[in-house]
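Visitor: Before I ask anything, here is the structure I am working with.
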Amino acid sequence: MSEIHTSSSGESHGSVTSYVIGFVLAVILTVLAFAVVATHSLSPSGTILALSVLALVQVVVHLHYFLHMGGGSEQRWNNMCFVFTVGFVAIFIIGTLFIMNNTAIHMMSR
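In the working numbering, each residue carries its 1-based index in the sequence shown increased by 1206.
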């Protein structure tokens, strides 16, 4: 039942077991994030830190179990495209924040 399915081009689409493991991990991480917020058990900065860590783990789980981005040589182009996209989005967001901050500073000095 855990046979790996491939498309007509030979790309791996994972197995049912892989999808179930990913789904269970995603649900557990979501419930943990909800519990951290709902119980108010941490300070506000601790809550933000816990949610950030849980979100990062959630992203890694999705990338590995659902998008099948691994370290193998057959995934090299997917990984390169993903890294380029993340870099581009980071530059775009940081540049936007820099321009908005710079504009606000210069407008407040008048």
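C-beta atoms are modelled at their ideal positions from N, C-alpha and C, and glycine is treated no differently.
Below 8 Å, how does it come out for the region 1260-1272 and the region 1234-1243: are there three or more Cβ pairs, yes or no?
Guide: The answer is yes - the region 1234-1243 touches the region 1260-1272, with three or more Cβ pairs under 8 Å.
Visitor: If we call anything under 7 Å between Cβ atoms a contact, is ALA1239 one with LEU1257?
Guide: Here residue 1239 refers to the residue found at position 33 when the sequence shown is read from its first residue. Here residue 1257 refers to the residue found at position 51 when the sequence shown is read from its first residue. It is a contact, given that the beta carbons lie within the stated cut-off.
Visitor: Decide yes or no for the touch test of the region 1269-1277 against the region 1219-1228: beta carbon pairs closer than 8 Å, at least 3 of them.
Guide: In short, these stretches touch, since the Cβ pair count reaches three.
Visitor: Hey, quick one: how far does the alpha helix (DSSP H) through MET1313 stretch, first residue to last?
Guide: For the purposes of this step, residue 1313 is taken as the residue at position 107 of the sequence shown. Its alpha helix (DSSP H) spans residues 1282-1314.
Visitor: When the Cα atoms are used, what is the spatial distance from CYS1287 to GLN1281?
Guide: Taking the sequence shown and counting its residues from 1, the one referred to as residue 1287 is at position 81. Taking the sequence shown and counting its residues from 1, the one referred to as residue 1281 is at position 75. Taking the straight line from one Cα to the other gives about 10 Å.
Visitor: Going by DSSP in three states, SER1221 sits in which element: helix, strand or coil?
Guide: Taking the first residue of the sequence shown as 1, we reach residue 1221 at position 15. SER1221: coil per DSSP, three-state reduction.
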